[in-house]
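Sequential numbering from 220 applies to the sequence shown in our numbering. For glycine and all other residues, C-beta sits at the position ideal for the given N, C-alpha and C.
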Amino acid sequence: MRPSSIDDDSGIRPNWRIIRSLFPYLMEFRGRVALAVLFLVAAKVANVAVPLALKFIVDHFEGRPADAVIAVPLALLAAYGLLRFSAVFFGELRDAVFARVAERAMRRVSLEVFRHLHRLELGFHLSRRTGALARDIERGTNGISFLLRFLVFNIAPTLFEIALVAIILLAAFSPVFVLTVVGAVVCYIVFSVWVTEWRTRFVREANAMDNQSNTRAVDSLLNYETVKYFGNERYEAERYDTDLAKWESARMKNRLSLAALNSGQALIIAAAVTLMMVLAAGEVAAGTMTLGDLVMINAYMIQLFIPLNFLGFVYREIRQALVNIERMFGLLGQPAKVVDAPHAKALRPDGGSIRFSNVHFGYQPNRPILHGVSFDIPAGSKLAIVGPSGSGKSTIARLLFRFYDVDAGCITINGQDLRDVTQDSLRAAIGVVPQDTVLFNDTIAYNIAYGRPDAAPEEIAEAVRRANLDGFIQRLPEGLDTRVGERGLKVSGGEKQRIAIARMLLKDPPILVLDEATSSLDSTAERAVLGALNEAATRRTTLAIAHRLSTVRDADRILVLEHGRVVEQGDHASLLAHRGVYARLWKHQQHESLPE
Ligand SMILES: Nc1ncnc2c1ncn2[C@@H]1O[C@H](COP(=O)(O)OP(=O)(O)OP(=O)(O)O)[C@@H](O)[C@H]1O
Ligand SMILES: [Mg+2]
């Protein structure tokens, strides 16, 4: 994908706060920064001395036969070469010394943002595009590096160099020269800033179009299978091309406006240099200036405008960097909704009895999902939740895991309110087999060991066996080291589910949450895995969610949920006797499975 960036319309003004916030990163390596500045000054001084050396060389030959005394010009020539080299060399030294400062700042900020993103609740992540998030971080950290380097090493030094040259000119020649230089520089800066502001909207438009076509391409490729199922390659290509056409014209405008900027800058430089030359030539003719002086002035003019040439670019990029950093810091400023209470203690799960008391909850305030759900799971017993799709079963599991906080009522484990214990200790106590398992793009072994990263290979093998994965893994040429692909798309649904079961077994927590844990398995595999799950469940408090009632008929208690309300509860036999929703569902499913 093409690199791109978004412009936002926040000017330089409010961003001093950001520039100040970068200060600690500079202070972390005080010595390095000082050394880098030292090298910078050395480089600039060498740079400014180059035209001076040139002047002396030219002056030396003026009015002399060419073969006269070769020793002096040799020393001068050597000095000239050395100065040229020093100017570049010190510049490189400066970059090398400063690299660590910028790199470390990027590292620190990236880590901080990463940690913070993991702190933010599930809701935040569900409503955000991960791709865009990653780009925000990337742009933000690059922005910091850019700002550090250019603010310290481009703008300030350029001004310093201009001042040095002005001093030399002022000391040696009439003030007209200095006035011309300063006038040209001011014209140049004003023009650059003005035109850059004007063309910002073309840049922004081009970037927006770039983002749009990128998003379209990525989305289309992610949906590769769907595109093929419906034979819509042409349609996709046309849509993409429509975006590309807009992108093309935006880029054209961008290019043309850049050409206008560059030409204008060149015109100012040419005019200034010509004016200086005319002035200098007059003085040389009048005998008040040497030929060397004229060469020197010419060299200064050319040399001075090289860094200035970057100014338009740097100005735009700095604005951009500030915007990107601001957006990334905005992420950091995003408060986490689910946080540990200040007095939070570690959860003592003991047997892990669970109680929901009159729990009300909705993902959005205007759409309640759970309406006063209450139930008890005594330590070591198994509760099953059944009910139609969308009734809020998985929501209950998410609340128990504290992905969200309840709106009213409370949830306790072993008598401790979830909001009063640390999230780490809570989540360590619960093992989940989620409804949709997503795997890391790594090996099967890695994904299973994720349940407990320090598990021994024998323990992993044991978990594999209990999850009924051993047959599958034996048939794989690379066994446990087989890679599962992005989000685990290269293993089947049932295999993925058994990997999730294996890693839960490996975690070995006191509380189990099984959300349709065997829904993707055929009945043979299901029976085998259910054996392991039931065995694991005998010693633990278990919350099982199921569509297929036969998988939970052995539960100590079954809860029927409809539209976020508990409509029936009891064990299998009593629910059947009750002849309500459950009994109807049971009869229905028995009927369906008859042909099997
Ligand atoms: N992050 C979310 N934001 C908004 N609404 C959500 C969110 N997650 C789930 N919902 C809604 O909440 C309701 C309950 O969802 P939940 O996942 O708990 O259903 P479920 O009982 O597990 O259904 P299924 O049997 O299909 O898995 C659904 O109507 C769903 O659309
Ligand atoms: Mg569900």
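Proximity winner among the options, relative to residue i (alpha-carbon distances)
{"i": "A298", "options": "E322, L273, F308", "result": "L273"}
{"i": "A382", "options": "K263, E331, L336, P597", "result": "K263"}
{"i": "A324", "options": "F304, F308, G362, D314", "result": "G362"}
{"i": "I596", "options": "A565, T631, V578, E467", "result": "T631"}
{"i": "D790", "options": "V640, I604, E754", "result": "I604"}
{"i": "L541", "options": "L366, E735, L566", "result": "L366"}
{"i": "V422", "options": "N473, N442, A464", "result": "N473"}
{"i": "L731", "options": "E311, V557, L645, S476", "result": "L645"}
{"i": "N430", "options": "Y459, V405, T415", "result": "Y459"}
{"i": "S364", "options": "I537, T743, G606", "result": "I537"}
{"i": "L725", "options": "I679, E787, S482, Y407", "result": "I679"}
{"i": "L477", "options": "L301, V401, R535", "result": "R535"}
{"i": "M520", "options": "R334, T399, P561", "result": "T399"}
{"i": "N666", "options": "Q716, H590, L370, S576", "result": "Q716"}
{"i": "L795", "options": "R772, I386, G783", "result": "R772"}
{"i": "V404", "options": "I487, G342, W417, K465", "result": "I487"}
{"i": "V412", "options": "G483, D462, G342", "result": "G483"}
{"i": "A736", "options": "N543, V748, A490, I649", "result": "V748"}
{"i": "P607", "options": "G552, A565, L780", "result": "L780"}
{"i": "D639", "options": "D624, H782, I777, G342", "result": "D624"}
Extent of the continuous beta strand (DSSP E) to which residue i belongs
{"i": "F594", "result": "586-596"}
{"i": "D734", "result": "730-734"}
{"i": "V558", "result": "That residue, V558, is in no beta strand (DSSP E); it is neither H nor E in DSSP."}
{"i": "G650", "result": "649-652"}
Secondary structure of residue i, DSSP reduced to three states
{"i": "Q553", "result": "coil"}
{"i": "R772", "result": "coil"}
{"i": "E281", "result": "coil"}
{"i": "P222", "result": "Residue placement at P222 cannot be trusted, given a pLDDT of 35 that sits under 50; the coordinates are not used to answer."}
{"i": "T737", "result": "coil"}
{"i": "F620", "result": "coil"}
{"i": "S432", "result": "helix"}
{"i": "V542", "result": "helix"}
{"i": "K709", "result": "coil"}
{"i": "V683", "result": "helix"}
{"i": "N451", "result": "coil"}
{"i": "F575", "result": "strand"}
{"i": "T761", "result": "strand"}
{"i": "G230", "result": "Caution applies to G230, whose pLDDT of 43 falls short of 50 and renders its modelled position unreliable; the value that the coordinates give is listed next. Of the three classes helix, strand and coil, the one that applies to G230 here is coil, per DSSP."}
{"i": "L293", "result": "helix"}
{"i": "G250", "result": "helix"}
{"i": "A469", "result": "helix"}
{"i": "L259", "result": "helix"}
{"i": "E340", "result": "coil"}
{"i": "G359", "result": "helix"}
{"i": "V625", "result": "coil"}
{"i": "F392", "result": "coil"}
Limits of the unbroken alpha helix (DSSP H) element including residue i
{"i": "K715", "result": "712-726"}
{"i": "I374", "result": "Looking at the DSSP string, I374 is not in any alpha helix (DSSP H), and its letter there is neither H nor E."}
{"i": "K447", "result": "443-448"}
{"i": "G750", "result": "742-757"}
{"i": "G690", "result": "689-694"}
{"i": "V514", "result": "510-528"}
Cβ-based neighbour list, residue i, same chain, cut-off 8 Å, excluding 5 preceding and 5 following
{"i": "V446", "result": "S439, E452, E455"}
Residues bridged to residue i (per DSSP)
{"i": "G570", "result": "Beta-bridge pairing links G570 to no other residue."}
{"i": "V422", "result": "Paired residues: none, contrary to the question."}
{"i": "D636", "result": "T631"}
{"i": "E781", "result": "R784"}
{"i": "Q583", "result": "R586"}
{"i": "G789", "result": "I777"}
{"i": "A662", "result": "One detail in the question is off: residue 662 reads as Thr in this sequence, not Ala. T662 pairs with R702."}
{"i": "I604", "result": "I764, L778"}
{"i": "K564", "result": "V640"}
Own chain partners of residue i with C-beta closer than 7 Å, once the 5 adjacent residues on each side are dropped
{"i": "K601", "result": "A756, T761, A763, A774, D775"}
{"i": "P376", "result": "L259, K263"}
{"i": "G698", "result": "I692"}
{"i": "R621", "result": "V557, L637, Q642, L645"}
Contacts around residue i, its chain only, beta-carbon distance under 6 Å, and the 5 residues preceding and following it disregarded
{"i": "Q808", "result": "L768"}
{"i": "F248", "result": "V320"}
{"i": "A469", "result": "E424, A425, M428"}
{"i": "Y244", "result": "A324"}
Q | Exercise answer, beta-carbon shell around ligand 3 heavy atoms below 7 Å | A | Among the ligands present in this structure, namely ligand 1 and ligand 2, ligand 3 is not found.
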